[in-house]
Amino acid sequence: MKTVRHLLIRTLYGAGVLWVISLVVFLLFFLAPGDPARSIAGDQATPEVLDQVTRNLGLDRPLHEQYFRFLGDLLHGDLGYSYRNQRPVLDVILQHLPVTLSLMLGAVVLWLLIGIPVGIMSARRPGSLRDRVGSIVTMVGLSFPTFVLGMLALYLIFYLPSQAGITLIPAGGYVPLADDPLDWAWHLLLPWTTLAFVTAAVYARLTRGQMLDTLGEDYIRTARAKGLPERRVAYVHGLRSSLTPLVSQLGADVGAMIGGAVVTEQVFGLLGIGKLVVSSVTTQDRPVIIGVVIFVAACVVVVNIVVDLLYSLLDARVRVS
Numbered sequence: 013m014k015t016v017r018h019l020l021i022r023t024l025y026g027a028g029v030l031w032v033i034s035l036v037v038f039l040l041f042f043l044a045p046g047d048p049a050r051s052i053a054g055d056q057a058t059p060e061v062l063d064q065v066t067r068n069l070g071l072d073r074p075l076h077e078q079y080f081r082f083l084g085d086l087l088h089g090d091l092g093y094s095y096r097n098q099r100p101v102l103d104v105i106l107q108h109l110p111v112t113l114s115l116m117l118g119a120v121v122l123w124l125l126i127g128i129p130v131g132i133m134s135a136r137r138p139g140s141l142r143d144r145v146g147s148i149v150t151m152v153g154l155s156f157p158t159f160v161l162g163m164l165a166l167y168l169i170f171y172l173p174s175q176a177g178i179t180l181i182p183a184g185g186y187v188p189l190a191d192d193p194l195d196w197a198w199h200l201l202l203p204w205t206t207l208a209f210v211t212a213a214v215y216a217r218l219t220r221g222q223m224l225d226t227l228g229e230d231y232i233r234t235a236r237a238k239g240l241p242e243r244r245v246a247y248v249h250g251l252r253s254s255l256t257p258l259v260s261q262l263g264a265d266v267g268a269m270i271g272g273a274v275v276t277e278q279v280f281g282l283l284g285i286g287k288l289v290v291s292s293v294t295t296q297d298r299p300v301i302i303g304v305v306i307f308v309a310a311c312v313v314v315v316n317i318v319v320d321l322l323y324s325l326l327d328a329r330v331r332v333s
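If you're matching positions, the sequence shown starts at 13 in my numbering and goes up one per residue.
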């Protein structure tokens with residue numbers, strides 16, 4: 013019962029966050045200097061087209077009516093119409109979404125598979141050689157911005173070998189998962205590594221710190237006193253308690269991943285949401301920009317609700333108030 017109540021509270025909280033975001037987006041884009049109709053239809057639009065866009069957007073109506081119409085459209089899943097693409101904004105977003113989802117999900121899996129084991133191995137023997145090596149690798153990972161790492165990876169792994177007539181790995185591009193799963197993963201391997209490298213270092217450091225704290229708890233000492241193998245103590249008893257902050261961190265990283273995806277897609281020429289945002293800003297496609305902001309905000313809210321539920325399931329000490 014408490015879980016259901018907590019879910020309802022978090023859902024209402026998320027709805028409130030989305031409402032505030034919709035209001036801020038409306039004020040920023042519809043009240044910004046300039047003519048929204050001309051910005052949407054383009055500088056070459058005829059007066060007839062401008063009048064049509066003005067009527068379609070309700071820009072000739074009072075401000076409060078404009079906002080409630082905008083909010084009503086959002087509640088019905090209507091993110092607007094892109095006159096530059098001649099398509100509904102939601103269709104434009106869904107066309108680019110598989111690329112960004114593939115990039116983000118692959119990067120998440122990669123950094124979790126790297127960061128958590130490195131953190132655990134370092135925490136099991138603090139001060140040892142592998143702990144020091146792990147700390148050095150972590151510091152190196154934290155020192156590289158994503159775009160620098162992406163350009164460096166392209167130069168070392170793709171450009172230099174290609175000068176010698178050798179192709180080690182594709183420099184980017186996207187193959188749909190349904191067409192060829194192996195080719196899909198092969199083309200995304202370099203972008204995945206670029207996006208995951210820095211965050212894997214963050215998770216390695218966070219895991220190490222949490223494991224060191226957990227391995228000093230009374231119940232861990234009790235498990236050791238019972239003669240349980242050290243590996244079982246660390247991976248079964250210690251890891252579960254250490255995962256709760258990692259789950260919270262993962263929820264917080266969803267928004268940051270969008271920024272990383274923008275840079276990574278630009279570097280590797282992937283036609284995802286990040287590339288769509290950049291091109292929409294360049295062409296002043298205001299409905300697409302608004303739609304992407306609302307869509308991403310909704311995704312972040314949903315992910316954080318799921319993460320909050322997972323947090324309470326992983327740690328029995330968490331009580332819903």
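Using N, Cα and C, we set each Cβ at its ideal position, and we do this for glycine too.
Everything numeric in this text was worked out from a predicted model, so none of it was measured.
Alpha helix (DSSP H) segment containing residue i, residue limits
| i | result |
| --- | --- |
| tyrosine 186 | Looking at the DSSP string, tyrosine 186 is not in any alpha helix (DSSP H), and its letter there is neither H nor E. |
| glutamate 229 | First-last for glutamate 229: undefined, no H or E at that position. |
| lysine 287 | 285-295 |
| valine 245 | It is not in any alpha helix (DSSP H) - valine 245 carries neither H nor E in the DSSP assignment. |
| tyrosine 79 | 75-87 |
| phenylalanine 159 | 158-165 |
| arginine 96 | First-last for arginine 96: undefined, no H or E at that position. |
| proline 138 | Careful: proline 138 lies outside any alpha helix (DSSP H) and carries neither H nor E. |
| threonine 179 | Taken as a continuous stretch (DSSP letters only), threonine 179 belongs to no alpha helix (DSSP H), as it is neither H nor E. |
| proline 59 | 59-69 |
Beta-carbon separation (whole angstroms), residue i vs residue j, contact threshold 8 Å
| i | j | result |
| --- | --- | --- |
| glycine 342 | valine 315 | Since the first and last residues shown for the chain are 13 and 333, residue 342 lies out of range. |
| methionine 269 | glycine 131 | Contact flag wrong, Cβ pair sits at about 20 Å. |
| leucine 164 | alanine 183 | 13 Å between Cβ atoms; not a contact. |
| tyrosine 215 | tryptophan 123 | 6 Å |
| valine 312 | glycine 267 | 5 Å |
Residue i Cβ short of 8 Å to the ligand NAP heavy atom set
| i | result |
| --- | --- |
| proline 74 | For the structure depicted, the ligand NAP is absent and the ligand set is empty, with no information on it obtainable. |
Nearest residue (CA-CA) to residue i, options the options
| i | options | result |
| --- | --- | --- |
| valine 279 | Thr150, Phe159, Leu106, Ile105 | Phe159 |
| tyrosine 95 | Leu322, Arg298, Val305 | Arg298 |
| leucine 87 | Trp31, Glu77, Asp72, Gly139 | Trp31 |
| aspartate 91 | Gly303, Val318, Pro59, Asp320 | What sits at residue 91 in the sequence shown is leucine, not aspartate. Measuring from the Cα of leucine 91, the nearest candidate turns out to be Gly303. |
| serine 34 | Leu166, Leu20, Gln78 | Gln78 |
| glycine 250 | Asp230, Thr226, Pro257 | Thr226 |
| aspartate 72 | Ala49, Ala57, Gly84 | Ala49 |
| glutamine 296 | Met116, Pro257, Asn97, Val61 | Asn97 |
| valine 210 | Ile126, Ala190, Leu24, Phe307 | Ile126 |
| arginine 136 | Phe38, Ile306, Gly228 | Gly228 |
| threonine 205 | Gln56, Gly177, Pro157, Gln175 | Pro157 |
| serine 254 | Val145, Gln56, His76, Pro129 | Pro129 |
Beta carbon of residue i nearer than 9 Å to that of residue j
| i | j | result |
| --- | --- | --- |
| arginine 252 | serine 134 | no |
| alanine 1 | methionine 151 | Here the chain has residues from 13 to 333 only, and residue 1 is not among them. |
| leucine 202 | isoleucine 169 | yes |
| tryptophan 196 | proline 188 | yes |
| alanine 53 | leucine 43 | no |
| glycine 340 | leucine 102 | Since the first and last residues shown for the chain are 13 and 333, residue 340 lies out of range. |
| valine 200 | leucine 115 | For the record, residue 200 in the displayed sequence is leucine; it is not valine. Contact: yes. |
| arginine 217 | leucine 117 | no |
| valine 305 | valine 37 | yes |
Same chain only: Cβ atoms within 6 Å of residue i, ignoring 5 sequence neighbours per side
| i | result |
| --- | --- |
| leucine 207 | Ala119, Gly272, Thr276 |
| threonine 112 | Ala273, Gly284, Ile285 |
| arginine 22 | Ile317, Asp320 |
| proline 110 | none |
| phenylalanine 80 | none |
| lysine 287 | Glu277 |
| arginine 243 | none |
| aspartate 192 | none |
| phenylalanine 82 | Phe38 |
| glycine 146 | Val130, Ser134 |
| glycine 70 | Gln78, Arg81 |
Close beta carbons around residue i, own chain, < 8 Å, minus the five adjacent residues each side
| i | result |
| --- | --- |
| isoleucine 301 | Phe41, Val289, Ser292, Val293 |
| serine 333 | Caution is warranted here: a pLDDT of 49 is assigned to serine 333, below 50, making its placement in the model unreliable, and the coordinate value is therefore given only provisionally. Once the five neighbours on either side are set aside, serine 333 has no close Cβ partner at all. |
| tyrosine 323 | Thr256, Val259, Ser260, Val330 |
| leucine 24 | none |
| proline 173 | Thr179, Leu180 |
| isoleucine 59 | Residue identity check: residue 59 is proline in the sequence provided, not isoleucine. Here the set comprises nothing. |
| glycine 26 | Val313, Val314, Asn316, Ile317 |
| glycine 28 | none |
| histidine 108 | Leu283, Gly284, Ile285, Lys287, Leu288 |
| valine 104 | Ser94, Asn97, Leu288, Val300, Gly303 |
| valine 309 | Per the sequence shown, residue 309 should be read as alanine rather than valine. Answer for alanine 309: Val29, Leu30, Ile33, listed in chain order. |
| proline 100 | Asp90, Leu91, Gly92, Tyr93, Ser94 |
Cβ shell of residue i (< 7 Å), same chain only, five flanking positions each side left out
| i | result |
| --- | --- |
| valine 16 | none |
| aspartate 265 | Thr211 |
Test: residue i CB closer than 9 Å to a CB of chain C
| i | result |
| --- | --- |
| leucine 83 | Checking the listed chains, one finds no chain C in this structure; it contains a single protein chain. |
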